[in-house]
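Engineer:
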Amino acid sequence: MKRSSGILLHISSLPSPHGIGTLGRAAYDFVDFLAGAKQSYWQVLPITPTSFGDSPYQSSSTFAGNPYFVDLDTLVQEGLLFDFELEADWGDDVLKVDFGKIYQNRERVLRLAFSRFDRREMDGFVAENGSWLSGYCLYAACKTHFNNLPWHMWDDDIKYRTASGVAKYSELLSDDIAYHAFVQYEFDKQWRQLSSYAKEQGVELIGDVPIYVPWDSADVWEHPNLYQLDENLTPTLVAGVPPDYFTATGQLWGNPLYDWEAHEREGFSWWLSRMEIAKRHFSVVRIDHFRGLESYWAVPFGSENAINGRWIKGPGMKLISAVKREHPDLKIIAEDLGFLTPEVKRLLSESGFPGMRVLQFGFDPFQNSRELPHNYTVNCVAYTGTHDNAPIMEWLGETDARCIGFAARYLGVSREEGFPMAFARGIMTSVAALAVVPIQDYLGLGIEGRMNLPGTTGWWTYRMDKNACTKELQQQIAYLTRMSGRA
220 MKRSSGILLH ISSLPSPHGI GTLGRAAYDF VDFLAGAKQS YWQVLPITPT SFGDSPYQSS
280 STFAGNPYFV DLDTLVQEGL LFDFELEADW GDDVLKVDFG KIYQNRERVL RLAFSRFDRR
340 EMDGFVAENG SWLSGYCLYA ACKTHFNNLP WHMWDDDIKY RTASGVAKYS ELLSDDIAYH
400 AFVQYEFDKQ WRQLSSYAKE QGVELIGDVP IYVPWDSADV WEHPNLYQLD ENLTPTLVAG
460 VPPDYFTATG QLWGNPLYDW EAHEREGFSW WLSRMEIAKR HFSVVRIDHF RGLESYWAVP
520 FGSENAINGR WIKGPGMKLI SAVKREHPDL KIIAEDLGFL TPEVKRLLSE SGFPGMRVLQ
580 FGFDPFQNSR ELPHNYTVNC VAYTGTHDNA PIMEWLGETD ARCIGFAARY LGVSREEGFP
640 MAFARGIMTS VAALAVVPIQ DYLGLGIEGR MNLPGTTGWW TYRMDKNACT KELQQQIAYL
700 TRMSGRA
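Note that the sequence shown ends on residue 706 in my numbering; no numbers are left out.
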């Protein structure tokens, strides 16, 4: 990876009309901002459909695109909608996503567009993506049919995917299935157009692949043999992490754990297909919770928290080697945060993937932290913070004065520059091959810009002000980028 830099901003946070960021005009404007700021990358969070809790890391499909990101104004341009049909209550605050209102109103508009769509247009897309699309669309249609109940509460014939059950519901819900295929077709078309435009402007996209998928997902429903489930298709062990920096009781994610032996018997084909989709969407992919490939924290199903889990060995280099053989040109970032054992460090070294450094974690005055720039290596990706961190201005308000004083001295913070830009300068001038700054830090936002707080709910709602990306800010970032040799 060449010496370069990028900005982290999720699609949902764009200042698009109709309540949530989309793949429309605001996305193209942000690409223009990035290009003018001399940035090489735009990093986003997972772009798959969100479900209960609205977290992009808990998706109903690891292959599908998020229907919320389909741009409605583009559908107007395609003749599938009229402007007046977009009038709805999309939320009261333009700086926050109201997921409840998006959920209530968006599907109505998309179904209206579908009613005017010539289904023959998507024949090629359906044929090309048959390996995952048919299963996802049947899952999504059944989900509506069973009043949004999780699949493990559906009638047995379709819960267990009997041949007769699949045939029955495929015929009964054929129109609904076609609707969901249409949404995926539009998402794919809009994504390809945006990605192509970004490349023309010298901007590449970095995506995010969560290591796990939820129990209530098309993936687990369609491939139960690949997960640690009992005869009733209930998880026996679920995912999480032990107590750490973020939470005293650990994080109980609740995802079913993979049956890695079953994956290996199938040549890791599901993972290879997953990375194929990622490669189609992105130039670089971040694997979230990379340490889970070396060993994973397994918590008994039904536990109240993640304290009483245990470490179990993961697939390690067997999976990584399979991915590298199948997709040798795919660039991968390993999210190696948290407690790193010698085994995890060895796996990262063997993989050759760059790990992550988060400057915000570095300012304990009593430690020579690996997160401080003088300890970075070239083969790493440096961040001021991630989607799970407080923006720097919020960090200042909740951090021990000794840590803040250390940061001020280490970075040489001046009143004119301020802490957020000093943090950006700290990683941009480091030896790290890639430096990524969340847009919230460039904008100097506090808690109003926070994307997520691990272990709690009600987040993922941040939206950028439509006037935030000024020419002055663009020039400031461009100067920093050129000064640090990243342009």
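In this text, a Cβ means the ideal position worked out from N, Cα and C, and glycines have one as well.
Could you give the distance in angstroms between the alpha-carbon of Tyr276 and the alpha-carbon of Glu390?
Structural biologist: For this step, residue 276 is matched to residue 57 along the sequence shown. For this step, residue 390 is matched to residue 171 along the sequence shown. Going from the Cα of Tyr276 to the Cα of Glu390 covers about 32 Å.
Engineer: Can you check the stretch 581-642 for any beta strand (DSSP E) of at least 3 residues that lies completely inside it and give the ranges in chain order?
Structural biologist: Taking only runs of at least 3 residues, the beta strand (DSSP E) segments lying wholly in the stretch 581-642 are 599-602.
Engineer: Which value, in whole angstroms, describes the spacing of the CA atoms of Met670 and Ile226?
Structural biologist: Taking the first residue of the sequence shown as position 1, residue 670 is located at position 451. Taking the first residue of the sequence shown as position 1, residue 226 is located at position 7. Looking at the two C-alpha atoms, the distance is approximately 14 Å.
Engineer: Quick test of your reading: Met702 and Gly665, contact by CB under 8 Å. State the CB separation rounded to the nearest angstrom.
Structural biologist: In the sequence shown, counting from the first residue as 1, residue 702 sits at position 483. In the sequence shown, counting from the first residue as 1, residue 665 sits at position 446. Incorrect: roughly 27 Å between the Cβ atoms, too far for contact.
Engineer: Go ahead and label Glu767 buried or exposed: buried means 16 or more other beta carbons lie within 10 angstroms of its beta carbon, across all protein chains shown.
Structural biologist: Nothing can be reported for residue 767: it is not among the residues displayed for the chain, which extend from 220 to 706.
Engineer: Ordered along the chain, which non-local residues of its own chain (more than five positions away) have a Cβ less than 8 Å from that of Lys685?
Structural biologist: The count along the sequence shown starts at 1 and reaches residue 685 at position 466. Hits under 8 Å: Pro234, Ala245, Val313.
Engineer: Looking only at its chain, what residues have a beta carbon closer than 6 Å to the beta carbon of His229, apart from the 5 residues adjacent to it on each side?
Structural biologist: For the purposes of this step, residue 229 is taken as residue 10 along the sequence shown, with counting starting at 1. Same-chain partners within the cutoff: Val263, Leu264.
Engineer: Write down every uninterrupted run of the alpha helix (DSSP H) in the stretch 326-360 whose length is 4 residues or greater and which is fully enclosed by it, in chain order.
Structural biologist: Listed in chain order, they are 342-347.
Engineer: Pull up the distance between the alpha-carbon of Gln586 and that of Ala437, whole angstroms please.
Structural biologist: Locating residue 586 in the sequence shown gives position 367, counting from the first residue. Locating residue 437 in the sequence shown gives position 218, counting from the first residue. Using only the alpha carbons, I get a separation of about 45 Å.
Engineer: Can you tell me where the alpha helix (DSSP H) with Tyr416 in it begins and where it stops?
Structural biologist: Residue 416 sits at position 197 when you count from the first residue of the sequence shown. 393-419 is the extent of the alpha helix (DSSP H) around Tyr416.
Engineer: Contact defined as beta carbons within less than 8 Å: I believe Trp370 pairs with His442. What is the distance between those atoms, to the nearest angstrom?
Structural biologist: One-based indexing of the sequence shown puts residue 370 at position 151. One-based indexing of the sequence shown puts residue 442 at position 223. With 8 Å as the limit, Trp370 and His442 do not qualify as a contact, their Cβ atoms being about 12 Å apart.
Engineer: Once the 5 residues before and after Thr700 are set aside, which same chain residues still bring their CB inside 6 Å of it?
Structural biologist: Walking along the sequence shown from the start, residue 700 turns up at place 481. Ser224, Lys257, Ala706, listed in sequence order.
Engineer: Give me the Cα-Cα distance between Ala541 and Gly486, rounded to the nearest whole angstrom.
Structural biologist: As a first step, residue 541 is located in the sequence shown; it is residue number 322 there, counting from the start. As a first step, residue 486 is located in the sequence shown; it is residue number 267 there, counting from the start. Cα-Cα distance, rounded: 8 Å.
Engineer: So is Thr605 buried or exposed if we call it buried at 16+ other beta carbons inside 10 Å?
Structural biologist: Position 386 of the sequence shown, counting from 1, holds the residue named residue 605. Thr605 should be labelled buried.
Engineer: Hey, is His371 close to the ligand FMN, as in C-beta under 7 Å from one of its heavy atoms?
Structural biologist: Among the components modelled here there is no ligand, and therefore nothing to report on the ligand FMN.
Engineer: So, at 8 Å on beta carbons, what are the nonlocal neighbours of Trp530 in its own chain, with the 5 sequence-adjacent residues on each side left out?
Structural biologist: Residue mapping note: residue 530 aligns to position 311 of the sequence shown, counting from 1. Around Trp530: Ser514, Tyr515, Trp516, Ala517.
Engineer: Roughly how many angstroms lie between the CA atoms of Arg327 and Val345, to the nearest whole one?
Structural biologist: Taking the first residue of the sequence shown as 1, we reach residue 327 at position 108. Taking the first residue of the sequence shown as 1, we reach residue 345 at position 126. Computed Cα separation, rounded: 23 Å.
Engineer: Identify the residues that DSSP records as bridge partners of Met575: which are they?
Structural biologist: Against the sequence shown, residue 575 aligns to sequence position 356. Answer is Val600.
Engineer: If distances are taken between C-alpha atoms only, which option among Gln447, Glu297, Trp309, Lys498 comes closest to Asp478?
Structural biologist: Sequence index remark: in the sequence shown, residue 478 carries index 259 (1-based). Selected option, being the one with the closest Cα: Gln447.
Engineer: Classify Gln470 as buried or exposed, calling it buried when 16 or more other Cβ atoms lie within 10 Å of its own Cβ.
Structural biologist: Taking the first residue of the sequence shown as 1, we reach residue 470 at position 251. Buried.
Engineer: Excluding the 5 residues preceding and the 5 following Trp351 in the sequence, name in chain order all residues of the same chain whose CB lies nearer than 6 Å to its CB.
Structural biologist: Looking up residue 351 in the sequence shown gives position 132. Result list for Trp351: Phe282, in chain order.
Engineer: Which same chain residues, not among the five before or five after Ala254, have their C-beta less than 8 Å away from its C-beta?
Structural biologist: Taking the sequence shown and counting its residues from 1, the one referred to as residue 254 is at position 35. Counting only Cβ-Cβ distances below 8 Å, and skipping sequence neighbours, we find Gln420, Gly421, Val422.
Engineer: Can you round the beta-carbon distance between Asp337 and Asn324 to whole angstroms, since I take them to be within the 8 Å contact cut?
Structural biologist: As a working mapping, residue 337 is identified with position 118 in the sequence shown. As a working mapping, residue 324 is identified with position 105 in the sequence shown. Not confirmed; about 25 Å, so no contact.
Engineer: Determine whether the beta carbon atoms of Asp290 and Leu242 lie at a separation below 8 Å.
Structural biologist: Translated into positions along the sequence shown, residue 290 becomes position 71. Translated into positions along the sequence shown, residue 242 becomes position 23. Yes, these two residues count as a Cβ contact at 8 Å.
Engineer: Would you give the residue range spanned by the alpha helix (DSSP H) that Leu228 belongs to?
Structural biologist: Here residue 228 refers to the residue found at position 9 when the sequence shown is read from its first residue. That residue, Leu228, is in no alpha helix (DSSP H); it is neither H nor E in DSSP.
Engineer: For Lys320, which residues of its own chain have a beta-carbon under 7 Å away from its beta-carbon, when the five flanking residues on both sides are left out?
Structural biologist: The count along the sequence shown starts at 1 and reaches residue 320 at position 101. Excluding sequence neighbours, Lys320 sits near Gly238, Asp308, Trp309, Gly310.
Engineer: Under 6 Å Cβ to Cβ from Asn444, same chain only, skipping five residues before and after it: list those, please.
Structural biologist: As a first step, residue 444 is located in the sequence shown; it is residue number 225 there, counting from the start. Excluding sequence neighbours, Asn444 sits near Ala481.
Engineer: Apply the 10 Å Cβ neighbour rule to Val504 and answer buried if 16 or more other Cβ atoms are within range, or exposed otherwise.
Structural biologist: Taking the first residue of the sequence shown as position 1, residue 504 is located at position 285. The residue in question, Val504, is buried, as its Cβ has 16 or more Cβ neighbours within 10 Å.
Engineer: What does DSSP give as the partner residues of Ser492 in its beta bridges?
Structural biologist: Sequence index remark: in the sequence shown, residue 492 carries index 273 (1-based). Answer by DSSP bridge pairing: none, since Ser492 is not bridged.
Engineer: Using CA coordinates, which residue listed in Ile539, Gln695, Gln409 is at the minimum distance from Leu567?
Structural biologist: Working through the sequence shown from its first residue, we reach residue 567 at position 348. Out of Ile539, Gln695, Gln409, Ile539 has the C-alpha closest to the C-alpha of Leu567.
Engineer: Within a Cβ cutoff of 6 Å, which residues of the same chain sit near Phe401, ignoring the five residues on either side of it in sequence?
Structural biologist: The sequence position of residue 401 within the sequence shown is 182, counting from 1. Counting only Cβ-Cβ distances below 6 Å, and skipping sequence neighbours, we find Phe333, Phe336.
Engineer: Closest to Gly507 by C-alpha separation, out of Ala553, Pro462, Met494, Asn367, would be which residue?
Structural biologist: Counted from its first residue, the sequence shown places residue 507 at position 288. As written in the sequence, residue 507 is Asp, which differs from the Gly given in the question. For the residues Ala553, Pro462, Met494, Asn367, the minimum Cα distance to Asp507 belongs to Ala553.
Engineer: Among residues of its own chain, excluding the 5 on either side of Glu545, which ones have a beta-carbon nearer than 6 Å to its beta-carbon?
Structural biologist: For the purposes of this step, residue 545 is identified with residue 326 of the sequence shown, where counting begins at 1. Taken in chain order, the residues that qualify are Leu491.
Engineer: According to DSSP, is Asp375 helix, strand or coil?
Structural biologist: As a first step, residue 375 must be located in the sequence shown, where it is residue number 156. Asp375 falls in the helix class under three-state DSSP.
Engineer: So for Arg505, helix, strand or coil by DSSP?
Structural biologist: By 1-based counting over the sequence shown, the position of residue 505 is 286. DSSP places Arg505 in strand when its eight states are reduced to three.
Engineer: Is Ala497 closer than 8 Å to Asn474 when the C-beta atoms are compared?
Structural biologist: As a working note, residue 474 is residue 255 in the sequence shown. As a working note, residue 497 is residue 278 in the sequence shown. Against a cut-off of 8 Å, the Cβ pair of Ala497 and Asn474 comes out as no contact.
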